[in-house]
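**Student:** Protein sequences, first through last, are from chains A and B.
Just so you know, the first sequence maps onto residues 1 to 447 in my numbering.
Just so you know, the second sequence maps onto residues 448 to 880 in my numbering.
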Amino acid sequence: MSESASTVEAPPRGLPPGDHEPGLFQRYGVALIFLAPTLVLLGVWVVYPTIRTIIRSFYDRDGDEFIGLDNYETLFTDDTLVTAIKNNFLWLLIVPAFVTAIGLVFAVLLERIRFSVAFKVVVFMPMAISLFAAGVIWRLMYEKDPSQGTINAGIAVVKDAVSPSGVLSAAQPSTEALQGGPEGGLVLQKPLAPGDVAQLGLTGIRSSDVPADAEQAVVPEALAGGITGVVWRDFKPGGGVPGQVEEEELGLPGITVELRDEDGRTITETQTETDGTFAFEDVEAGPYLAAIGPDTFSEPYAGVSWLGASLITPAIMMAYVWVWAGFAMVVIAAGLAAIPRDLLEAARTDGATEWQVFRRVTVPLLAPVLTVVFVTMLIYVLKVFDIVISVAPGSVQDDANVIALAMWRTSFGGVNDFGLGAAIAVFLFLLVIPILVLNVRRFRREI
Amino acid sequence: MRYRWLVFALIVGALAFVAAGCGGDDNGGSAEGSEDVTGDISVMAIWGGEEQESFQAVIDGFNELYPNVNVKYTSGGDNLGPLLSTAVEGGNPPDIAAVGQPGLMQGFVEQGALQPIDDLRDAIVENFGESVADVGAVEGTQYGIMFKGANKSTIWYNVADFEEAGVGAPETWDELNEARDTLKAAGVTPYSVGVDVGWPMTDLFENIYLRTAGPEMYDQLVAHEIPWTDQSVKDALTFMQDVVGDSSNIAGGTEEALQTEMPDSVAKVFTDSPEAAMVIIGDFAPGVVETTLEPETGYNVFTFPSIDGSGPSVVGGGDIFVEFKDSPAADAFLEYLTTPDAAAIWAERGGFSSPNKNLDTDIYPDVITQTTAGNLAEAEEFRFDGSDLMPSAFGGTPGQGFWKGMTDFVQNPDDIDGITQQLETAAANAYGG
Chain A
1 MSESASTVEA PPRGLPPGDH EPGLFQRYGV ALIFLAPTLV LLGVWVVYPT
51 IRTIIRSFYD RDGDEFIGLD NYETLFTDDT LVTAIKNNFL WLLIVPAFVT
101 AIGLVFAVLL ERIRFSVAFK VVVFMPMAIS LFAAGVIWRL MYEKDPSQGT
151 INAGIAVVKD AVSPSGVLSA AQPSTEALQG GPEGGLVLQK PLAPGDVAQL
201 GLTGIRSSDV PADAEQAVVP EALAGGITGV VWRDFKPGGG VPGQVEEEEL
251 GLPGITVELR DEDGRTITET QTETDGTFAF EDVEAGPYLA AIGPDTFSEP
301 YAGVSWLGAS LITPAIMMAY VWVWAGFAMV VIAAGLAAIP RDLLEAARTD
351 GATEWQVFRR VTVPLLAPVL TVVFVTMLIY VLKVFDIVIS VAPGSVQDDA
401 NVIALAMWRT SFGGVNDFGL GAAIAVFLFL LVIPILVLNV RRFRREI
Chain B
448 MRYRWLVFAL IVGALAFVAA GCGGDDNGGS AEGSEDVTGD ISVMAIWGGE
498 EQESFQAVID GFNELYPNVN VKYTSGGDNL GPLLSTAVEG GNPPDIAAVG
548 QPGLMQGFVE QGALQPIDDL RDAIVENFGE SVADVGAVEG TQYGIMFKGA
598 NKSTIWYNVA DFEEAGVGAP ETWDELNEAR DTLKAAGVTP YSVGVDVGWP
648 MTDLFENIYL RTAGPEMYDQ LVAHEIPWTD QSVKDALTFM QDVVGDSSNI
698 AGGTEEALQT EMPDSVAKVF TDSPEAAMVI IGDFAPGVVE TTLEPETGYN
748 VFTFPSIDGS GPSVVGGGDI FVEFKDSPAA DAFLEYLTTP DAAAIWAERG
798 GFSSPNKNLD TDIYPDVITQ TTAGNLAEAE EFRFDGSDLM PSAFGGTPGQ
848 GFWKGMTDFV QNPDDIDGIT QQLETAAANA YGG
């Protein structure tokens, strides 16, 4: 690096060899001609737009009225824009440190395994994808519906293995005679005595969710000294009469019905037949409550709302880290390869543990490389834009907002307030400057 | 944005339909042809491809009556608006153009770029009715003819779901609510909602508002002459709660609706394993999804129901023909466009809805278009999509104003006072006080 830099640093500046005093043209003109194309391009594409943007930021929406610092005031008072600034600082605090740390861990660990190149390629691969495309991929993976979003699908598999969902998770009581919810089960309000017939009607069950062996529901005969009843799908096309067992309405087989005492303690339970009927024989006198157990209603896993307002920023950060970890790893691995092995060997010989070697020798020696990665990430994170717009659904873009996105949305996203947009751009520019200065200084030092 | 879907839908529609049936009837006062009218006229619109061919067929129909007029059509594509503005600025606009935004037409009127066509007013009213005619009028002067329309007062449903629950297409809001409850009792989720960005909900709101508050107040709200905190807005939002007020009404619940894009919301209904029975979206719905379902037997459409006895009303959009340069040939062409004959040519080719009341709807190639286009033409009250008439910072921007208000309402349907206040604040800013 330093070698090539020194050769570049030798443009003929001073007096060329020879006797005569060079003319002004020879001194500056030639250099100017060579620099001209660059200067013109920089002028047209960088200097002019920068100045124009700064001026524009002091004007109103239409650009005819000078409004001083009003746009800047809006920038720090408007809720959406303040959220954008806050989010951007979160990004600054979390992401560069995270990317650098993960890159370091990958680099150090991969140095020790076989086929490390293959692993490195895999980790580096996301860099080959544009950030926008990566955003689209993650948007799909984050879908809330476990049948669509990969991540929620993964969680659903684990969750369903631990606590499987009930057979009739969506079922609702068909009349107010049944009360309760998924936690305690549905309880028939009317107390029962031996000889009573209980009718437990349920709706909200898709016909395709009714077990295949279900038959026409029937109201069972009363049983002396026992309690009988029926659990059925209290719905036929058009609705039917709620609370009445009618033609075409099917019994629900395999439902666990609990017989509870007055205090809600379960005394005994039984399963329904194919026509939905059940019977508790030989029960003693005294009021009872019939209930359908809570596990019948336990809902299937609905998925984490990664793309919802509260999780969207961490979710996008994840995607971003996934993309950039590879870059960090490759740069750090290069730095690692340049560390003299004998230093590490010496430390080990002196009895340092692996952790001490890593902490006291490797990391300090890698410090310049880590700084490069960290500072580069700082700059990239400040102007993060495309991944936010591609992962965040429109309804949460206010919550996921960052400065660059706010600038785009304000200027071009339909608000068309170029004054405010310019002010946001200037603010972003001011934020980047200190990091740029730092970076340039460091480059100078290294040269 | 919405407009793009519309165009997409119409293109797909045009590809899908094969012209069938023929003939049209002449009960709308068809234009008499003349060989005396001569000249060249240039016409510009967004239509390209299949739609361009269909429009060319309309031009050919015109040339049969006026053989000595040479009509040259140029497609402006999606950039038509800027193209026309630039052409007007440069002093060289086409003779005639079809614009999709009344606001653009109004802008041209203010610039003095358009020719009044008041002599056609009677013919327009006779064929299209007062309220469609008024879409092309600015402050009492007629400037445009809405030749091609789009109907956003439609609700699409999955036929199998409706049959399973035993419900029919509702005609009133109460019947719609009954259908919703019956569907839920059958275990079918009633609505699919996609409010990733807010506009499908702005259409729902406009449809309700037009029916509950009436067309006059609709116009006033669009012009921000009545505030969003008005009781009429709150009442309309109360009706909206019937749809989005309960998370269990919505496929995947409210959270998922907020992450669902419009085409996906349609796809959830237009499939043989539907996640919801209905989706409230304009007539372009079949064009935005790939589906194995057949129209009519797999998916079908019904008209946005009447609320408290409101008459047939349609919220929609359309392409409005305006005249930049006055000439006998241009006048003759515009007059021809008011006739049912002109509409019939495109209608039987498919991908077209005519607001012309005198066009026989049997001419449309399929029953679904007959319904959607028929409703458009028969509407007693037609109103242009309000959010397209509002300043775009309020009515047409993701995450802002009206769209934002609607997504916030879906998220928080009980906070009507908060939402209306928020809408009013945003509107006051966007309309410039």
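Beta carbons: idealized from backbone N, C-alpha and C, even for Gly.
Small disclaimer: the values here were computed from a predicted structure and weren't measured.
So I403/A and I424/A are supposed to be a Cβ contact under 8 Å. How far apart are they, rounded?
**Tutor:** Contact holds; Cβ gap of about 6 Å.
**Student:** Is the shortest distance between the beta-carbon of L567/B and the beta-carbons of chain A less than 9 Å?
**Tutor:** For L567/B, the answer is no, since every Cβ of chain A falls outside 9 Å of its Cβ.
**Student:** Do you know how far the Cα of D542/B is from the Cα of D643/B?
**Tutor:** Looking at the two C-alpha atoms, the distance is approximately 41 Å.
**Student:** Alpha carbon to alpha carbon, how far is Q148/A from L366/A? Give it in angstroms, no decimals.
**Tutor:** In a straight line, the C-alpha of L366/A is about 42 Å away from that of Q148/A.
**Student:** At a CB distance below 7 Å, what residues from the segment 187–220 of chain A approach chain B? Give them in sequence order.
**Tutor:** Within the segment 187–220 of chain A, the qualifying residues are T203, G204, I205, R206, S207 and D209.
**Student:** Have a look at A118/A and Q397/A and give me their C-alpha separation to the nearest angstrom.
**Tutor:** For A118/A and Q397/A, the distance between alpha carbons rounds to 37 Å.
**Student:** When DSSP labels each residue in this structure, what does L259/A get in the three-state scheme?
**Tutor:** It is a strand residue.
**Student:** Tell me the rounded alpha-carbon separation between Y792/B and V640/B.
**Tutor:** Just to set this straight, residue 792/B is Ile in the shown sequence, not Tyr. When rounded, the distance between both Cα atoms is 36 Å.
**Student:** Along chain A, which residues have their Cβ under 7 Å away from the Cβ of P860/B?
**Tutor:** Chain A residues near P860/B: none, gap ~14 Å exceeds 7 Å.
**Student:** Under the rule that 16 or more other beta-carbon atoms within 10 Å means buried, what is D126/A, buried or exposed?
**Tutor:** The sequence as given places Pro at residue 126/A; Asp does not occur at that position. With 16 or more other Cβ atoms within 10 Å, it is buried.
**Student:** Take S163/A as the anchor and find which of D399/A, V426/A, D342/A and T296/A has the nearest alpha-carbon.
**Tutor:** The shortest C-alpha separation from S163/A is found at T296/A.
**Student:** Considering only DSSP beta bridges, list what W232/A is partnered with.
**Tutor:** DSSP, once it has assigned bridges, lists G201/A and G251/A as partnering W232/A.
**Student:** Is D861/B helix, strand or coil when you go by DSSP?
**Tutor:** Here D861/B sits in coil by DSSP.
**Student:** Using a Cβ cut-off of 8 Å, which residues of the segment 145–164 of chain A contact any Cβ in chain B, in chain order?
**Tutor:** If the cut-off is 8 Å between Cβ atoms, the segment 145–164 of chain A has D145 near chain B.
**Student:** Whose C-beta lies closer than 6 Å to the C-beta of A302/A among residues of the same chain, with five residues either side of it excluded?
**Tutor:** Result list for A302/A: empty, nothing under 6 Å.
**Student:** Distance, Cα to Cα, R409/A vs L378/A?
**Tutor:** So the two alpha carbons sit approximately 22 Å from each other.
**Student:** Is the CB of G470/B under 9 Å away from at least one CB in chain A?
**Tutor:** Low local confidence applies: a pLDDT of 36 at G470/B is under 50, so the model's placement there is unreliable, and no value is given.
**Student:** Tell me the DSSP bridge mates of N742/B?
**Tutor:** Residue identity check: residue 742/B is Pro in the sequence provided, not Asn. Note: P742/B sits in a beta bridge opposite Y746/B.
**Student:** Measure the beta-carbon distance from N401/A to N87/A and round it to whole angstroms, keeping in mind my assumption that it falls under 8 Å.
**Tutor:** Indeed, because the Cβ distance is near 6 Å, the residues count as touching under 8 Å.
**Student:** Counting only Cβ pairs nearer than 9 Å, list the residues of chain A close to P721/B.
**Tutor:** Here the premise fails: no neighbours, minimum Cβ distance about 11 Å.
**Student:** With DSSP as the reference, identify every bridge partner of E536/B, one or two as the case may be.
**Tutor:** E536/B is not bridged to any residue.
**Student:** At a cut of 8 Å, does the segment 326–337 of chain A reach the segment 107–114 of chain A through at least three beta carbon pairs?
**Tutor:** The answer is yes - the segment 107–114 of chain A touches the segment 326–337 of chain A, with three or more Cβ pairs under 8 Å.
**Student:** Between the segment 605–617 of chain B and the segment 680–693 of chain B, are three or more C-beta pairs nearer than 8 Å?
**Tutor:** No: the two stretches stay apart, fewer than three of their Cβ pairs being nearer than 8 Å.
**Student:** Helix, strand or coil for S411/A, going by three-state DSSP, please let me know.
**Tutor:** S411/A falls in the helix class under three-state DSSP.
**Student:** Could you run through the segment 385–402 of chain A and flag, in chain order, every residue whose CB is less than 8 Å away from some CB of chain B?
**Tutor:** If the cut-off is 8 Å between Cβ atoms, the segment 385–402 of chain A has P393, G394, S395, V396, Q397 and D398 near chain B.
**Student:** Whose C-alpha, out of G843/B, L836/B and V484/B, is nearest the C-alpha of Q548/B?
**Tutor:** Checking every option, the nearest Cα to that of Q548/B belongs to L836/B.
**Student:** For chain B, check one thing: does any of its Cβ atoms lie closer than 9 Å to the Cβ of F327/A?
**Tutor:** Chain B contact via Cβ: absent.
**Student:** So, under 8 Å CB-CB, F124/A and M329/A are touching, yes? Tell me the CB distance rounded to an integer number of Å.
**Tutor:** With 8 Å as the limit, F124/A and M329/A qualify as a contact, their Cβ atoms being about 7 Å apart.
**Student:** With distance defined between alpha-carbon atoms, name the residue in D282/A, M407/A and P211/A nearest to G226/A.
**Tutor:** When each option's Cα is compared against that of G226/A, the closest is D282/A.
**Student:** Got a sec: is the Cβ-Cβ distance from G645/B to anything in chain A below 9 Å?
**Tutor:** With 9 Å as the cut-off, G645/B counts as an interface residue toward chain A.
**Student:** Checking contacts by CB at 9 Å: is S481/B closer than that to chain A?
**Tutor:** Not one chain A Cβ lies under 9 Å of S481/B.
**Student:** Any beta-carbon of chain B closer than 9 Å to the one on P237/A?
**Tutor:** At least one chain B Cβ lies under 9 Å of P237/A.
**Student:** In the structure shown, what three-state DSSP assignment does S147/A receive?
**Tutor:** The answer is coil: DSSP assigns S147/A none of H, G, I, E or B.
**Student:** Since A170/A meets chain B, which of its residues come closer than 8 Å, beta carbon to beta carbon?
**Tutor:** Under the 8 Å cutoff, chain B gives G634.
**Student:** To the nearest whole angstrom, what separates the beta carbons of D209/A and G700/B, a pair I think is in contact under 8 Å?
**Tutor:** Not really, about 18 Å apart at Cβ, beyond 8 Å.
**Student:** Output the boundary residues of the beta strand (DSSP E) element that contains E825/B.
**Tutor:** Here E825/B belongs to no beta strand (DSSP E); instead the alpha helix (DSSP H) covers V814 to E825.
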